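This report refers to the structure that appears directly beneath it.
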Amino acid sequence: METSRKPDFCEPSGPQQEIPESAFADIRERLLIESVKSAFGIRHHGGVRKPCDEAWEWILSENREMPFSFATCCREWGVDPETMGEWLRYYRKKMLG
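For the sequence shown, the numbering used here assigns the number 1411 to the initial residue and increments by one for each residue that follows.
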């Protein structure tokens, strides 16, 4: 009889480093791009897969003020989150419709 084991997690080997504020813009840009691609089922290198519901939930989230929310990521790049959300819903409906 085989028993399941939880994986062993170890503590980080070195001191934890804070992410510098200057890196936030790049992180938000990548998060926005990759999450939208994932929500539509587009892989990193252009392949196709099943659309990711978790990414779509992030896009539709009412959470607007967290540092890495969909709305914050949009605003970082000068895009109105409401307009972006409308466009994404339109294209998703068109793709799945």
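Even for Gly, the Cβ is constructed at its ideal location relative to N, Cα and C.
As the structure is a prediction and not an experimental result, all values here were calculated from the model.
| query | result |
| --- | --- |
| Leu1470: CB within 7 Å of a non-hydrogen atom of the ligand COA | You won't find the ligand COA in this model; it holds no ligand whatsoever. |
| Proximal residues to Cys1483 (C-beta, below 6 Å), its chain only, five neighbours per side dropped | Arg1438, Leu1441 and Leu1442 |
| Asp1463 versus Ser1471: straight-line alpha-carbon distance, rounded | 12 Å |
| Bridge partners - Val1458, DSSP secondary structure assignment | Ile1452 |
| Alpha-carbon to alpha-carbon, Ile1452 and Phe1434 | 24 Å |
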